[in-house]
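The working numbering numbers the first residue of the sequence shown as 51 and each following residue consecutively.
Even for Gly, the Cβ is constructed at its ideal location relative to N, Cα and C.
Computed from a predicted structure; not experimentally measured.
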Amino acid sequence: MKIVFVSNFLNHHQIPLCEELKAKVDEFYFIATDNGNNQGYQRSEIRDYMIDYNKDTVRAENEIISADAVIFGACPDRLVELRMRENKLSFIYSERIFKKGVWHCLIPKNYNMLKKRYINNKNKNLYVLAASAFLPYDLSVFGFPQEKIFKWGYFPECQICKKTEKQQNTILYAGRLLDWKHAETVIEIANFLKKDGFDFKVNIIGDGPQKDSLVAMKDTYGLDDCVEFLGSKTHEEVLEFMQKSSIYMFTSDFYEGWGAVLNEAMANGCAIVASCAPGSVPFLVSHNENGMIYKYGYNKNAYIAVKSLLDDPKKANKLGEKAQKTIFDYNYKVAATRLVNGVSEFYSDGKITPADSGVFSPVQVLKNNWFK
Numbered sequence: 051m052k053i054v055f056v057s058n059f060l061n062h063h064q065i066p067l068c069e070e071l072k073a074k075v076d077e078f079y080f081i082a083t084d085n086g087n088n089q090g091y092q093r094s095e096i097r098d099y100m101i102d103y104n105k106d107t108v109r110a111e112n113e114i115i116s117a118d119a120v121i122f123g124a125c126p127d128r129l130v131e132l133r134m135r136e137n138k139l140s141f142i143y144s145e146r147i148f149k150k151g152v153w154h155c156l157i158p159k160n161y162n163m164l165k166k167r168y169i170n171n172k173n174k175n176l177y178v179l180a181a182s183a184f185l186p187y188d189l190s191v192f193g194f195p196q197e198k199i200f201k202w203g204y205f206p207e208c209q210i211c212k213k214t215e216k217q218q219n220t221i222l223y224a225g226r227l228l229d230w231k232h233a234e235t236v237i238e239i240a241n242f243l244k245k246d247g248f249d250f251k252v253n254i255i256g257d258g259p260q261k262d263s264l265v266a267m268k269d270t271y272g273l274d275d276c277v278e279f280l281g282s283k284t285h286e287e288v289l290e291f292m293q294k295s296s297i298y299m300f301t302s303d304f305y306e307g308w309g310a311v312l313n314e315a316m317a318n319g320c321a322i323v324a325s326c327a328p329g330s331v332p333f334l335v336s337h338n339e340n341g342m343i344y345k346y347g348y349n350k351n352a353y354i355a356v357k358s359l360l361d362d363p364k365k366a367n368k369l370g371e372k373a374q375k376t377i378f379d380y381n382y383k384v385a386a387t388r389l390v391n392g393v394s395e396f397y398s399d400g401k402i403t404p405a406d407s408g409v410f411s412p413v414q415v416l417k418n419n420w421f422k
């Protein structure tokens with residue numbers, strides 16, 4: 051079996067999945083159509099299975115045409131068209147399309163992209179790997195079949211950490227300090243907690259354009275004794291903080307396509323308090339089972355969730371343990387196995403049967419107001 055993955059460049063989120071696919075099939079190639087040149091990133095780490103499209107165009111296109119299955123991420127539409135002209139088994143790997151509203155499909159440029167990738171091919175051997183729980187709704191607007199969309203996501207290298215002693219009453223935020231990630235929610239929660247007399251510590255890891263306003267907000271509330279800005283940390287250092295932290299707050303709005311930091315916090319046994327808005331949350335978090343969800347914009351509800359975990363450390367520990375179990379079953383190894391099995395089934399039985407749950411299972415059509 052030959053599987054080809056086409057995307058702009060090979061980044062750290064994709065490498066674990068690629069390595070696993072390479073181990074499971076006869077041939078695997080990653081075709082980098084940009085390799086970071088126009089993205090502001092350094093070039094990807096070189097792998098023996100990576101083909102630079104701009105340097106070896108003829109070979110890359112031959113691999114796309116001859117593969118048993120191709121996964122298309124961010125890449126030129128004409129490469130999707132090249133494959134679909136012959137109606138060959140293909141998967142589009144995508145976050146949600148309309149982060150700023152479905153009405154954007156009316157913009158000619160967007161509609162042309164939809165037509166080339168999805169509308170023209172919705173009755174062909176094209177399936178979708180949803181890296182956002184909100185993608186199925188975006189696709190439903192123009193009639194793409196729901197049964198051809200599978201739960202997917204991003205699969206960072208998440209070692210399930212050994213049982214460590216959590217520092218009780220510790221709350222962690224880790225991420226860029228951008229307006230749509232809403233770290234100010236964490237500071238507002240800290241203000242509520244201090245007013246109610248809780249003993250706690252908030253650590254904020256990250257840097258970005260919102261930092262000055264966030265620090266000013268902390269100072270205005272008088273939170274120097276319980277909120278600390280730690281600046282940027284290495285990935286390994288972030289994971290160490292996750293291992294020790296009792297609660298992890300994931301506060302982004304609907305502009306957060308997935309949010310791989312959620313996978314990592316769950317793998318490290320944090321009790322999750324998450325906004326309902328990021329694309330990963332409906333796939334990974336079940337309210338009051340392996341984490342807690344609050345309606346985006348309702349910070350008082352976020353506070354109630356955090357307060358309940360501080361009041362009941364055993365509940366926090368239990369949610370953290372169940373979060374770990376979730377990621378143990380929702381990772382790149384499971385994803386690669388189920389995808390390869392799906393491709394094999396397609397060629398033997400002419401169909402693809404989704405998994406019962408988790409990665410590669412059926413999706414629901416969720417709107418932004420899905421969580422009540």
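Residue nearest to P186 within the set C208, C125, F200 and L360 is F200 (criterion: CA-CA distance). Taking a contact to require three or more Cβ pairs closer than 8 angstroms, the region 120 to 139 and the region 159 to 170 qualify as touching. With a cutoff of 7 angstroms on beta-carbon distance, M292 and I377 are scored as not near each other. For Y168, the secondary structure class from DSSP, reduced to helix, strand or coil, is coil. Annotation for V323: the continuous beta strand (DSSP E) segment containing it runs A321 to S325. For T220, DSSP records a beta bridge to K251. In the structure shown, L60 adopts coil according to DSSP, grouped into three states. The alpha helix (DSSP H) runs lying completely inside the region 108 to 139 and spanning 4 residues or more are 127 to 134, given in chain order. L243 carries a helical assignment under DSSP once its states are collapsed to helix, strand and coil. Put simply, of I96, G247, L228 and F248 the residue whose alpha carbon is nearest the alpha carbon of I254 is L228.
Counting only the Cα atoms, I96 lies some 33 angstroms from K375. Within the region 229 to 316, the runs of alpha helix (DSSP H) at least 4 residues long that lie entirely inside it are, in chain order, 234 to 245, 261 to 271 and 285 to 294. Between S182 and G307, the gap from beta carbon to beta carbon is short of 7 angstroms. In this structure the region 66 to 73 lies against the region 382 to 397, because at least three pairs of beta carbons, one per stretch, are closer than 8 angstroms.
For E77, the uninterrupted beta strand (DSSP E) segment begins and ends at E77 to A82. Here P363 carries a helix assignment [DSSP, helix/strand/coil].
For A180, the enclosing beta strand (DSSP E) stretches over residues L176 to A180.
Pairing A110 with Y103 gives a Cβ-Cβ distance under 7 angstroms.
The alpha carbon of K216 has as its nearest neighbour, out of G256, G151 and I297, the alpha carbon of I297.
DSSP places D399 inside the alpha helix (DSSP H), whose first and last residues are Y382 to D399. For Y346, the three-state secondary structure derived from DSSP is coil. By alpha-carbon distance to D269, the top candidate from A224, N241 and N340 is N241. Put simply, the region 242 to 252 touches the region 272 to 290. At least three CB pairs are less than 8 angstroms apart.
The C-beta of H232 has 16 or more other C-beta atoms within 10 Å across all chains shown, which makes the residue buried. Residues of the same chain with a CB within less than 8 angstroms of the CB of F279, apart from the 5 flanking positions on each side, are I254, K261, L264, V265 and K268 in chain order. Judged by beta-carbon spacing, A352 lies within the 7 angstroms limit of Y344, meaning their Cβ atoms are closer than that value. In the same chain as V178, and ignoring 5 residues on each side of it, the C-beta atoms closer than 6 angstroms to its own belong to I142 and I199, in chain order. Nearest neighbour of V413 by Cα position, chosen from C320, G203, L243 and I322, turns out to be G203. It is roughly 28 angstroms from the alpha-carbon of A324 to the alpha-carbon of C155. Looking only at A224, E286, N219 and Y397, the smallest Cα-Cα distance to G247 is reached by N219.
Assignment of K52 by DSSP, reduced to helix, strand and coil, places it in the strand class. Cβ contact annotation for K372 (same chain, cutoff 7 angstroms, sequence separation greater than five): E339 and N340, in chain order. Annotation: the continuous alpha helix (DSSP H) that includes K72 extends over I65 to K74. E314 is classed as buried because its beta carbon has at least 16 other beta carbons within 10 Å across all chains shown. Beta-bridge annotation (DSSP): G341 is paired with H337.
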